[in-house]
Each structure stands twice: as structure tokens, then as C-alpha cells.
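A.B. asks: Residue 129 is where the sequence shown starts when you use our numbering, and the numbers rise one by one after that.
For each residue, glycine too, the CB sits at the ideal point set by N, CA and C.
Please read all numbers here as calculations on a predicted model, not as lab measurements.
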Amino acid sequence: MPALGYGEAFATYGAKLKNVQWSVCADAPDGSLVVSLWQHHFQPPKDGKAICTGRFDRWTGPGNNEFREKVGKAFLQNQRVRVVISHTDQPGQVDAGADASYLRNSFSVREDWIGRVSRIDGEEFEFEFVRG
């Protein structure tokens with residue numbers, strides 16, 4: 129998985145970010161939702177599934193508002209999800225809600241993964257990916 133620029137990673141799926149400064153998800157032309165998820169939030173694969181969990185309230189701002197809206201819609205409509213994996217060497221800063229745009233991050237994609245929003249419970253969300 130070669131490292132990509134942020135916008136370039138989304139473009140892999142044909143998705144264009146609403147705002148490259150704060151967007152963390154975008155709709156792709158094929159109808160799927162492309163989301164950026166932190167690598168350190170993925171659990172070890174189990175039963176052929178890669179699971180990523182997180183919390184909506186971990187950060188605030190327009191990117192969070194857009195993410196909440198699009199992920200909620202994807203959950204209700206069982207929309208297909210594609211992933212941009214965000215890598216950082218400062219996961220503690222990310223989890224504390226720091227502005228991650230100031231951290232040294234890299235990005236990769238898993239074009240072979242097809243996912244869905246498998247759970248939303250209050251502020252918690254879960255994505256499930258399988259090889260497509």
C-alpha cells in the first residue's frame with residue numbers, strides 16, 4: 129500500500145472532498161461513501177472482517193458534522209462504504225481530539241475492501257469491511 133496524499137486517496141475512488149481542510153468523507157460516483165478512518169482504530173481481522181470503531185464526539189467542527197450526517201445516512205440506507213486509512217505516529221493526540229491536520233499523517237486505500245456502517249449506538253460507530 130503506497131502512501132498517498134489526502135485528496136489523492138479519495139480520488140482513487142472518484143470521490144471529491146467538499147473541503148480538503150476539514151472533510152473526512154465524500155460520496156463517490158458509484159454511490160458508495162468514502163470515509164477516512166484511523167488505522168489505530170482498526171481491530172485485528174477476525175472471521176475475514178476488518179472492524180473499525182470510533183466515537184463521533186472525539187472531535188468537533190464542520191468535518192465532524194458532515195461525517196455524522198453522512199455516516200448516519202449510510203447506516204440507515206445500508207450504503208456501501210470504501211475506506212481511506214489514515215496513519216499517524218501520534219495516536220494519543222488523535223484520540224484526545226487534537227487537530228490532526230497539524231500532525232504528520234500518511235494515507236492509504238484498500239480498494240479490495242467493501243464495507244458498511246455496521247453499528248451506531250449513541251456516540252459510538254462501527255464499520256465492517258470484507259474483501260470484495
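Taking Cβ positions, are Val211 and Val245 nearer each other than 7 Å?
C.D. replies: Taking the sequence shown and counting its residues from 1, the one referred to as residue 211 is at position 83. Taking the sequence shown and counting its residues from 1, the one referred to as residue 245 is at position 117. Not in contact: Val211 and Val245 (Cβ atoms no closer than 7 Å).
A.B. asks: Relative to the C-alpha of Leu204, which residue among Phe253, Leu231, Trp150 is closest?
C.D. replies: On the sequence shown, position 76 is the one that residue 204 refers to. When only C-alpha atoms are compared, the closest one is Phe253.
A.B. asks: Cα separation between Lys146 and Val163?
C.D. replies: As a working note, residue 146 is residue 18 in the sequence shown. As a working note, residue 163 is residue 35 in the sequence shown. Straight-line Cα distance between these residues: approximately 13 Å.
A.B. asks: I'd like the list of long-range same chain contacts for Asn233, defined as Cβ closer than 6 Å, with 5 residues on each side in sequence excluded.
C.D. replies: In the sequence shown, the residue the question calls residue 233 occupies position 105. Answer for Asn233: Ser214, Thr216, listed in chain order.
A.B. asks: Would a C-beta distance cut-off of 7 Å place Ala178 and Phe235 closer than the cut-off?
C.D. replies: The sequence position of residue 178 within the sequence shown is 50, counting from 1. The sequence position of residue 235 within the sequence shown is 107, counting from 1. No; because the gap between Cβ atoms is not below 7 Å, this pair is not in contact.
A.B. asks: With Ala178 as the anchor, note down where its beta strand (DSSP E) starts and where it stops.
C.D. replies: By one-based count along the sequence shown, residue 178 stands at place 50. Counting along the chain, the beta strand (DSSP E) containing Ala178 begins and ends at 178-183.
A.B. asks: What residues are listed by DSSP as bridge partners for Glu252?
C.D. replies: Along the sequence shown, read from residue 1 onward, the residue named residue 252 stands at position 124. Paired residue(s): Arg183, Asp249.
A.B. asks: Within this structure, are the beta carbons of Leu165 and Ala202 separated by less than 7 Å?
C.D. replies: Taking the sequence shown and counting its residues from 1, one reaches residue 165 at position 37. Taking the sequence shown and counting its residues from 1, one reaches residue 202 at position 74. Going by C-beta atoms, Leu165 is not nearer than 7 Å to Ala202.
A.B. asks: Go through its chain and collect everything with a Cβ distance to Gln218's Cβ below 6 Å, but skip five positions before and after it.
C.D. replies: Within the sequence shown, residue 218 is the residue found at index 90, counting from 1. Cβ neighbours of Gln218 beyond the five flanking positions: Leu231.
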